[in-house]
Amino acid sequence: MSSRTRLTFHIALPTKPTKLTIQITDPRSTTANNLALATWGSSEIFANQLQLLPVPDFTATGPGTEIFPILELGAGTGLVGLSAAAIWCQRVCLTDLGPIVPNLEANVQVNADMLAGFGGSAVCGVLDWDVPDARILECGGANDGMMGRARVILAADTVYSEEHPALLTKAVMARLERGERARLVMCHPLRIGYLDHIRDLWARLEEAGLVCVLEGRESLDQSWEEDTPYEWCVWRWREELWQQQRV
Numbered sequence: 001m002s003s004r005t006r007l008t009f010h011i012a013l014p015t016k017p018t019k020l021t022i023q024i025t026d027p028r029s030t031t032a033n034n035l036a037l038a039t040w041g042s043s044e045i046f047a048n049q050l051q052l053l054p055v056p057d058f059t060a061t062g063p064g065t066e067i068f069p070i071l072e073l074g075a076g077t078g079l080v081g082l083s084a085a086a087i088w089c090q091r092v093c094l095t096d097l098g099p100i101v102p103n104l105e106a107n108v109q110v111n112a113d114m115l116a117g118f119g120g121s122a123v124c125g126v127l128d129w130d131v132p133d134a135r136i137l138e139c140g141g142a143n144d145g146m147m148g149r150a151r152v153i154l155a156a157d158t159v160y161s162e163e164h165p166a167l168l169t170k171a172v173m174a175r176l177e178r179g180e181r182a183r184l185v186m187c188h189p190l191r192i193g194y195l196d197h198i199r200d201l202w203a204r205l206e207e208a209g210l211v212c213v214l215e216g217r218e219s220l221d222q223s224w225e226e227d228t229p230y231e232w233c234v235w236r237w238r239e240e241l242w243q244q245q246r247v
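For the sequence shown, counting from 1, position 239 maps to 239 in my numbering; every step adds exactly one.
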């Protein structure tokens with residue numbers, strides 16, 4: 001897999017005169033599931049794609065509601081979630097396994113002023129996909145912790161073993177708001193060794209009641225030295241499911 005420990009990422013913002021600059025603290029000494037922590041190629045693809053997607057409807061989310069605006073699953077270094085917070089001017093909760101979270105907290109802190117300038121903010125905490133209903137504990141100690149569901153869930157390069165499709169689907173079912181405005185947005189590499197896992201994930205999401213409404217493919221620039229295509233996709237609940245909530 002292509003990855004980088006590069007410490008500064010510039011995310012294009014066509015609607016604004018300057019680029020979004022995300023600072024990532026050096027994560028090379030951190031490992032989880034025998035993988036060194038780095039920023040994967042799908043995260044850069046995903047972060048740059050966000051500003052081209054339809055802006056989600058964040059009405060009735062945040063403080064005073066039961067719905068958190070944005071939740072990132074398997075956040076890694078947090079590049080995608082931090083970009084979403086700035087681009088969509090919202091609060092994001094970055095989650096991953098326990099060993100990863102201290103680095104996430106560092107990245108939240110180093111980018112806090114930048115996010116505030118864009119009207120966004122971020123918190124972080126541990127979320128085990130095997131027990132996705134558990135309280136997400138924030139390292140920052142904020143009292144508006146992510147305990148319920150989210151309007152938007154983000155996931156970048158989170159399927160690379162046969163166990164992941166079932167676990168990711170379980171986490172999405174537990175945390176995605178049940179409503180017409182909810183969205184699941186994902187990005188993953190289309191490598192031959194993982195295609196069966198991706199097909200399995202799509203089948204599980206469709207069986208659970210989600211439908212893909214937008215998708216596309218992008219490639220990394222030449223500096224990454226790989227030609228693997230990356231697929232991004234946007235999902236929502238099937239209409240009959242959220243209409244049932246109104247009955």
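Backbone N, C-alpha and C fix where the C-beta goes; we use that ideal spot for every residue, glycine too. As the structure is a prediction and not an experimental result, all values here were calculated from the model.
The count of Cβ pairs closer than 8 Å, one atom from the segment 178 to 189 and one from the segment 155 to 170, reaches three, so the stretches are in contact. Fully enclosed beta strand (DSSP E) runs of no fewer than 3 residues occupy 210 to 218 of the segment 186 to 227, in order along the chain.
Bounds of the beta strand (DSSP E) holding Pro-69 are 67 to 73. For Asp-113, the enclosing alpha helix (DSSP H) has its first and last residue at 112 to 118.
Ser-161 sits in coil when the DSSP states are folded into three classes, being neither helix nor strand. Beyond the five residues adjoining it in sequence on each side, Thr-21 comes within less than 6 Å, by CB distance, of His-10 in the same chain, given in chain order. Contact annotation: Phe-46 and Cys-89 have beta-carbon atoms that are not nearer than 8 Å.
Residue environment analysis places Ala-116 among the exposed positions, since fewer than 16 neighbouring C-beta atoms fall within 10 angstroms of its C-beta.
Cβ-Cβ distances below 8 Å link Glu-66 to Gly-148 and Arg-149 in the same chain, with the five nearest sequence neighbours on each side left out; the list follows chain order. Between Ala-84 and Leu-154, the C-beta gap is smaller than 8 Å, which places the two residues in contact.
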